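Numbering (the UniProt record's numbering), first residue to last: 1 to 305.
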């Protein structure tokens, strides 16, 4: 178990891509069935339209309907370019049908350059992002919303039904401007491609921005994505993945070299103040039940609470 003064350690699984497109539905069904018998806390679906992954909103709905306790995260969903009013309705319905199991995380733009054309925005992306988040939060928490902003206009708008407990809205991002935005506007933060030293620094920036804005973020609402290279596999893809995003960093600070490597990264990030982790394999998984058995054996004991 990882003891953290900041809260309960939880470890989820991020689905990257399917093995083969013709068997995509069968593989996803195999994964969902195996998750019920594993120590995985949550399933996270990526917003990458050009890859063979299930859409995060559709996949969250399917997964929540097929399971009873598993939490589902949309991470990281591109917010600018989506209608925040319609998104609020979708998230509210999901949260009502699966209480306390829906974990939305939003980002500024698509990770894949070829996907960015799918998210056109009517103005400066950062400004659209912030106003979208404000509109989304108000619709999820207020009985009636009137909003006349730079990009969105609402008069006496309401989303029904709304969940009894407000949804926590997390943000991604690793640039300092994005970290300060998370402090000002978010309920939590999920990092990507940052070293343990960098996530510790980032948490401090977020906490300072939140304090300056007169707000607080729950102590255990800080997390990161972690990549695992399966033991015995060719380490080339893992190095390439880390190098493409962080050529300036040691790849073993970004990707866990086997299960021992990812467990060590969990401990190091937890020492810096993180408690939530999403483990993503560096490539397609040939045997989901076997992979999840190893996940349960190797990472399950690290979870607390």
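Glycine included, C-beta positions come from ideal geometry on N, C-alpha and C.
Computed from a predicted model, the values in this text were never measured in an experiment.
Taking 7 angstroms as the cut-off, the Cβ atoms of residue 274 and residue 224 count as close. Membership of residue 103 in the beta strand (DSSP E) is indicated by the continuous run 102-107. Between the alpha carbons of residue 251 and residue 134 lies a distance of about 36 angstroms. Residue 287 carries a coil assignment under DSSP once its states are collapsed to helix, strand and coil. When the alpha-carbon of residue 16 is set against those of 257, 228 and 290, the nearest one is in 228. For residue 42, the uninterrupted beta strand (DSSP E) run begins and ends at 42-45, by DSSP.
Annotated as proximal: residue 75 and residue 190, with beta-carbon spacing under 7 angstroms. In the three-state reduction of the DSSP assignment, residue 223 falls in the strand class. Annotation for residue 115: 48, 49 and 50 place their beta carbon closer than 7 angstroms to its own, counting only its chain and skipping 5 residues before and after. When the alpha-carbon of residue 160 is set against those of 292, 272, 90 and 61, the nearest one is in 90. DSSP lists 228 as the beta-bridge partner residues of residue 281. The beta carbon of residue 158 is closer than 6 angstroms to those of 144 in its chain, skipping five residues each way along the sequence. In the same chain as residue 167, and ignoring 5 residues on each side of it, the C-beta atoms closer than 7 angstroms to its own belong to 91, 95, 102, 104 and 140, in chain order. For residue 33, the enclosing alpha helix (DSSP H) begins and ends at 24-35. In this structure, residue 72 sits away from residue 65, with a CB-CB distance that is not shorter than 7 angstroms.
The three-state secondary structure of residue 10, taken from DSSP, is strand.
When the Cα atoms are used, residue 304 and residue 188 turn out to be separated by approximately 19 angstroms.
CA-to-CA, the gap between residue 62 and residue 29 works out to about 10 angstroms. Proximity to residue 127 across 111, 37 and 152 peaks at 152, based on C-alpha coordinates. Comparing C-alpha distances from residue 218 to each of 207, 293 and 56 shows the shortest one belongs to 207. In the structure shown, residue 266 adopts helical secondary structure according to DSSP, grouped into three states. Boundaries of the alpha helix (DSSP H) around residue 134: 125-141. Following the DSSP letters along the chain, one finds residue 153 inside the beta strand (DSSP E) bounded by residues 153-157. Here DSSP, grouped into helix, strand and coil, assigns residue 168 to coil. Listed in chain order, the non-local C-beta contacts of residue 12 below 8 angstroms within the same chain comprise 40, 41, 42, 43, 44, 71, 73, 276, 277, 278 and 279, local neighbours out to five positions each way being set aside.
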